[in-house]
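Number of protein chains: 2
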Amino acid sequence: MSRLTSQRQAILDLIRSSDTHWEAESLARELADRGQSIGIATVYRGLAALEELGLIDSIQFGGKKRYERIDKGHHDHLVCTGCGSIEEFIHPQIERLQQAAAEQKGFVMTGHQLVIYGLCPACAAQHPVAGG
Amino acid sequence: MSRLTSQRQAILDLIRSSDTHWEAESLARELADRGQSIGIATVYRGLAALEELGLIDSIQFGGKKRYERIDKGHHDHLVCTGCGSIEEFIHPQIERLQQAAAEQKGFVMTGHQLVIYGLCPACAAQHPVAGG
DNA sequence: GTGAGTGCAAATTTTTTGCACTGCG
DNA sequence: CGCAGTGCAAAAAATTTGCACTCAC
């Protein structure tokens, strides 16, 4: 059905070789910098195909879709609203409770997206809470 | 600072009088239907202003921003991928654990967004799991 | 009369699509 | 050969911005 062409292989290699949460555009730019220039439409189609194949993961927040390695296993994201840095975390109990919350409403849970916004340690130090 | 103009009052009234998760466009259409036609840019600016003032709430998923009443208190969302219906739920324990997860990484949590995807009871009945 | 708000249309941003072309199987 | 994939550019969708104008204080 889907072919793993050289372009898609390049996209996959780049994603697999980094811990970055790639957006289509920056991924295309990085590939271009490496001499593997790929049309932006092909990048979008390639990312969708790779996700469909279960080879990469995606998260959406801040109005943009981002892709990352899938071999890190499931995790959620902690986004710093100060500097934009992204931390990952996994909280098994939250996972379980989400299942429970869905079931409580009679839903069959198929997925979820949890993004916690806040200030990372560095930014929190620069933005002291009122009174500091 | 921000003025609560007649346009913004109309937006606020509409949101407060319903349990809908409004998108800018459908809200503008509904207002137009009621004879209160407001420019789409004004709707966007008004929604942003009302959110800033803490008068309405927003959630973002599916690439779109949605606005809803704030007086329902905090809650998260359960979105049916079959029919698009949205259920709300609140799970105090999940809230608490999110705080804990953020703290574990040294973050000061300022907000979060949790969307659980799944099939609502009606859609689940129509999409029996393999084996059914 | 000043500044925030409005409305239109144009611009932006992210993503998708049409279409002719290419290349693997 | 045939069809999925590619690349370009145009289209689409959601949102923002420029600009002249208006209105409330």
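Keeping their order, the protein sequence lines are chains B and Y.
Numbering-wise, the first sequence is residues 181 to 312 according to my numbering.
Numbering-wise, the second sequence is residues 181 to 312 according to my numbering.
Note that CB positions come from ideal geometry on N, CA and C, so glycine has one too.
Where residue i falls, given that 16 or more other Cβ within 10 Å makes a residue buried
| i | result |
| --- | --- |
| residue 193 of chain B | exposed |
| residue 256 of chain Y | buried |
| residue 296 of chain Y | buried |
| residue 312 of chain Y | Note that residue 312 of chain Y scores a pLDDT of 39, beneath 50, so its modelled location is shaky; the value from the coordinates is reported in the next line. Residue 312 of chain Y comes out exposed. |
| residue 199 of chain B | exposed |
| residue 300 of chain B | buried |
| residue 213 of chain Y | exposed |
| residue 230 of chain B | buried |
| residue 291 of chain B | exposed |
| residue 183 of chain B | exposed |
| residue 282 of chain B | buried |
| residue 208 of chain B | buried |
N- and C-terminal bounds of the alpha helix (DSSP H) containing residue i
| i | result |
| --- | --- |
| residue 293 of chain B | Looking at the DSSP string, residue 293 of chain B is not in any alpha helix (DSSP H); the run it does join, the beta strand (DSSP E), is 288–299. |
| residue 186 of chain B | 186–196 |
| residue 214 of chain Y | Counting along the chain, residue 214 of chain Y falls outside any alpha helix (DSSP H), and DSSP gives it neither H nor E. |
For residue i, the first and last residue of its enclosing beta strand (DSSP E)
| i | result |
| --- | --- |
| residue 246 of chain Y | 244–249 |
| residue 227 of chain B | Run containing residue 227 of chain B: none in the beta strand (DSSP E); it sits in the alpha helix (DSSP H), 220–232. |
| residue 238 of chain B | 236–241 |
Chain-order list of residues whose beta-carbon lies under 6 Å from that of residue i (same chain, five-residue window excluded)
| i | result |
| --- | --- |
| residue 191 of chain B | 226 |
| residue 293 of chain Y | none |
| residue 196 of chain B | 249 |
Residue(s) in a DSSP beta bridge with residue i
| i | result |
| --- | --- |
| residue 277 of chain B | None; residue 277 of chain B has no bridge partner. |
| residue 284 of chain Y | The partner list for residue 284 of chain Y (beta bridge, DSSP) is empty, contrary to what the question assumes. |
| residue 256 of chain B | B:269 |
| residue 203 of chain Y | Y:246 |
Supposed close pair residue i, residue j - CB separation, criterion 8 Å
| i | j | result |
| --- | --- | --- |
| residue 235 of chain B | residue 218 of chain B | Actually they do not touch by this definition, with Cβ atoms about 16 Å apart. |
| residue 278 of chain Y | residue 239 of chain B | About 16 Å separates the two Cβ atoms, so there is no contact after all. |
Other residues of its chain near residue i: CB distance less than 7 Å, five sequence neighbours each side excluded
| i | result |
| --- | --- |
| residue 222 of chain Y | 187 |
| residue 253 of chain Y | none |
| residue 233 of chain Y | 182 |
Cβ-based neighbour list, residue i, same chain, cut-off 8 Å, excluding 5 preceding and 5 following
| i | result |
| --- | --- |
| residue 266 of chain B | 201, 257, 258, 259 and 260 |
| residue 271 of chain B | 256 |
| residue 211 of chain B | 190, 191, 194, 217, 218 and 223 |
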